[in-house]
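The opening position of the sequence shown corresponds to residue 451 in the working numbering, with each subsequent residue numbered one higher. Note that beta-carbon positions come from the ideal geometry of N, C-alpha and C, so glycine has one too. Data block below; observations after.
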Amino acid sequence: MLIAPKDVQLRTRAEWLSPPLLSPLAALLLVLGVCAGLLPPELPSVSFIIAGLATASLLAVRFAASRLVALPMLGLCWVLLHAQWGMQARLPKNLEGVDLALTIQVVGLPERGERQQRFAAIVESPPAEAPELAGARVRLSWFNESATELRPGERWQVTARMKRPRGTLNPGGFDYERYALEHAIVATGYLRDAPAPLRLQPETGIDAARLRISAAMAAAVEAPAQRFLRGLAVGDLRALSGPDWERLRATGLTHLLAISGLHIGLLAGLGALVARMLFWCWPTLGLRLPRPQGMALLALPFATAYSALAGFGLPAVRTLLMIACVLLAVLWRRALLPSQGLALAAIAAVVVDPLALLGPSFWLSFLGVAWLILCMPRSVAETGWAKGLLRAQLVMSLGLLPLSVWFFGQISLAGVLANLVAVPLVTLLVVPLTLIGVALLPWPTWAGAFLGVAVWLMDGLWWAAGWLQTMPWAQVFMIEPSLWAVLLALFGSACLLLPRGVPGKWLAALLLVPLLFPMQLRLAAGELSLTVIDVGQGLSVLLRTRDHALLYDAGPAFTGGLDLGEAAVVPALRALGVRRLDALMISHADNDHAGGAAAVARALAPNVFVSGEPLQVVDAQTCAGMADWEWDGVRFSVLHPPESFPELGNDSSCVMRVEAVGGSLLLPGDINQIIETRLLRDGAKSLASTIVLVPHHGSAGSSSLQFVQAVSPQLALIASGHRNRFDHPRADVVERYREAGAEVIGTVESGAMTVLIRRDGELELTHRRVSHRRFWHEPVGEVKSNAPAP
């Protein structure tokens, strides 16, 4: 029966007003509701959420006309309920820093550094104090160089000291507290050596099999590039170094060198191809099972097996869920358009784990597929494979550009060229050769032959990626955008990807301007901006005048582990718009101040590089006896150390006073009361400052009463780590500054802190944990000492 055009219009309008529950519009509305639920700084009560969830469910199911409102409300309440569950599952605050006896099972692939092992574990037998930890996931470290190497699947009886997930919070930086909620990590901590950990059960399970396969691959092919094959085969990325990841990010290839959705889809297609060959060899199979359903039945086990090799990581599980939804429709003999299959997969992903929207992989995978469905022709014959590949890469690059800036703070211009070669090479050659090699591991000679060819191909790709990385246009770092700029850019990208005949669509490029050219900090002559970057138990302070930038200290770096200079300081500087440093001043050579200096110097090439201990800081000159200088009406003076002063650790710290038109700043490094007395003797009046960075993180050996009174600050800023082992800041030091009339603010409570000193003397203060607060962040409070006064 034919349907009249008017009837078609009425049906389309009705579907827009009352979308079916499994339609693309319903999926979009549900996702929008989940997005709204991720924005509030605090969570409502569980009873309020459940009431809203019940109401939205009733409206969506019983009253189709209300779905435009009910579906977003359903997504909102569903993610808030999961968020409440996730936050309530975290370690109780009264058990932070307490030794807890646990029985755990090691999961994933443990990472072994020079002095420690880091691993994830599931709590099987919780302590009596916290029965709610049963089945919870924790992240632990074992600081014992001679300890037995941990292996996946092992069960251990341990004593652990843990805390709630807590991380640094900076512009452009990694938000560990968000990551912990997304991955259901309820606590972090370390194992105690007394009583000694006791292994109860040897390795077992899928992760143990992954480790054995990874080790066998390393033995079969000893070439360096085999580290990439281990990532492609079993998701073992432990051998990739910092420079490896830097090259992958610069060339936009990160998504390929892991078990991605593209690779799992390839295995599903391989399973379908094997089924097709079986039907071709034995046609009578079609009498018992239709060929499409047979292909679907075999495609799913292939995709599941490959996801298991990845350890069922979140991206792999989401891809498997997407493929399973499509294959289920085939088994039910339901015809699905690509957009309907994508919508069904998105709905399933949101229902199973709405907190997955906190991470970039959900958005990059689903939005990337959506752009390809909307913008690519239905068959390769329409464009040819070469032109189709180029078009697909351009569509993905433009469509995902706003998300790349939002999640990664950069645009990889080299990625367009790199992926044109890398995607077909890795997907069609490297991955199949690698998996064939894995299947042949019982026969090492044959396995080595296939893996050797894959290594040879990866070597060539890696060389080309290295060449692209050296290009000046390869990677563009962006200033941290606002949410509104990203939303405008997404809408603008969608308009630019409309069909060629749409009039005026190029005007949508203007919507990308706020993202690509955001508003930057504007300082007048004589004004000063200072940002205390949150680097935990360490220090890094950015000073900016109208046209210049100086970094005072670069945060800590840990042997074989995290470099806060690279992980926190450099991203913060780039997010704030700093492309090059006029000066880098490392107060002294202690790791918590100088550990990240090499990474900062490598990334931002300072014109001047000085330190109070130049013999111990590579490439640094001395700050001792430096002459005063002026930038843009702001005067900089080094008060200590004097010329020929010996290198004495904390006492050699470069002490700098910065005087703007509307106020002044004192940066004393880690000096103790002896150096404070010397500064007071040389001229107490020169110490008076509007803002002071509290010496030595608020230790008991600094900030004497005479020093505090001489400085007499309005603001006293403290850089220290959460629950640090030095008990900084001390209670008497905090109280001393408060009695002198200062407002005391710390990075533990505030994250990164920025203060603008305007010409009229006004101080504009912002706290990262306040201005960018979300419900997954630990509560903000006033500065409290980590230990009582001595």
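query: Below 8 Å between beta carbons: does that hold for E627 and P615?; result: yes
query: Pull up the distance between the alpha-carbon of E728 and that of T895, whole angstroms please.; result: In the sequence as presented, Glu is not what sits at residue 728; that position holds Leu. Near 29 Å, if we compare the C-alpha coordinates of T895 and L728.
query: Judging by CA-CA distance, which residue of G1015, R726 and V802 is the nearest neighbour of V747?; result: The residue asked about is misnamed: residue 747 is Leu in this sequence, not Val. Out of G1015, R726 and V802, R726 has the C-alpha closest to the C-alpha of L747.
query: Could you check whether V1111 and R1209 sit closer than 8 Å to each other, using their CB atoms as the reference points?; result: yes
query: Out of L1206, H1147 and M1203, point me to the one whose CA is closest to A1181's CA.; result: H1147
query: Please list, in chain order, all residues of the same chain as P469 whose beta carbon is under 6 Å from its beta carbon, the five residues on each side excluded.; result: L475, A476 and R517
query: Go ahead and label W1226 buried or exposed: buried means 16 or more other beta carbons lie within 10 angstroms of its beta carbon, across all protein chains shown.; result: buried
query: May I ask you to list the residues that DSSP assigns as paired with I635?; result: R587
query: Can you tell me the Cβ-Cβ gap for G622 and G954, rounded? I've got them flagged as a contact below 8 Å.; result: 35 Å between Cβ atoms; not a contact.
query: How many whole angstroms separate the CB atoms of A539 and E582, which I take to be in contact at a CB cut-off of 8 Å?; result: 7 Å
query: Hey, would you say A675 sits closer than 8 Å to L891, going by beta carbons?; result: no
query: Look at the alpha carbon of V830 and the alpha carbon of V963, and state the distance between them as a whole number of angstroms.; result: For V830, the predicted structure reports a pLDDT of 49, less than 50, and the residue's modelled location is therefore unreliable. A value from the coordinates is still provided. Taking the straight line from one Cα to the other gives about 34 Å.
query: Let me confirm a value: A796 is counted as buried when at least 16 other C-beta atoms fall within 10 Å, else exposed. Which label applies?; result: buried
query: Figure out for me which residue from D1040, A1051, L1089 and W913 has the closest Cα to the Cα of L1065.; result: D1040
query: Compare the beta carbon distance of G1201 and R1175 with 8 Å and say whether it is the shorter of the two.; result: no
query: Across which residues does DSSP place K543 in a beta bridge pair?; result: Note: K543 sits in no beta bridge, so no partner.
query: If I'm right that L1167 touches S1139 with Cβ under 8 Å, what's the distance once you round it to whole angstroms?; result: Not quite, the Cβ-Cβ distance comes to about 11 Å (not below 8 Å), so this is no contact.
query: Tell me which same chain residues have a C-beta within less than 6 Å of the C-beta of R408, skipping the five on either side of it?; result: Beyond the ends of the chain as shown, which are 451 and 1240, falls residue 408; an answer cannot be given.
query: With contact counted as at least three CB pairs below 8 Å, one residue from each stretch, are the region 521-538 and the region 547-555 in contact?; result: no
query: Do L853 and W395 come within 8 Å of each other at the CB atom, strictly closer than that value?; result: The chain is shown only over 451 to 1240; residue 395 falls outside these bounds and no answer can be derived.
query: Quick check: the Cα distance between L488 and G902, rounded to an integer number of angstroms?; result: 46 Å
query: Within 10 angstroms of the Cβ of G721, are there 16 or more other Cβ atoms? Answer buried if so, exposed if not.; result: buried
query: Scan the region 831-877 and note each continuous beta strand (DSSP E) run of 3 residues or more that stays entirely inside, going in chain order.; result: 860-862
query: Which of the three DSSP states, helix, strand or coil, is assigned to E1228?; result: coil
query: Between the C-alpha atoms of E1080 and E930, what's the straight-line distance to the nearest angstrom?; result: 29 Å
query: DSSP on A1033, reduced to helix/strand/coil?; result: strand
query: On the CB-based measure, 16 or more other CB atoms within 10 Å of its CB, does P1021 come out buried or exposed?; result: buried
query: Going by C-alpha distance, which of G910, L703, V1144 and W913 is nearest V1184?; result: V1144
query: Does the Cβ of P751 have 16 or more other Cβ atoms within 10 Å, making it buried, or fewer, making it exposed?; result: exposed
query: Applying the 10 Å Cβ sphere with the 16-neighbour rule, what's the burial state of M921?; result: exposed
query: Along the chain, where does the beta strand (DSSP E) that runs through R568 open and close?; result: Q567 to S575
query: On the three-state DSSP scale, how would you describe H1090?; result: strand
query: According to DSSP, is P949 helix, strand or coil?; result: coil
query: Compare the C-beta of G1148 with all C-beta atoms of chain B and state if any pair is closer than 8 Å.; result: In the structure shown, chain B does not exist; there is a single protein chain.
query: Would you kindly check if the distance between the Cβ of A658 and the Cβ of R587 is under 8 Å?; result: no
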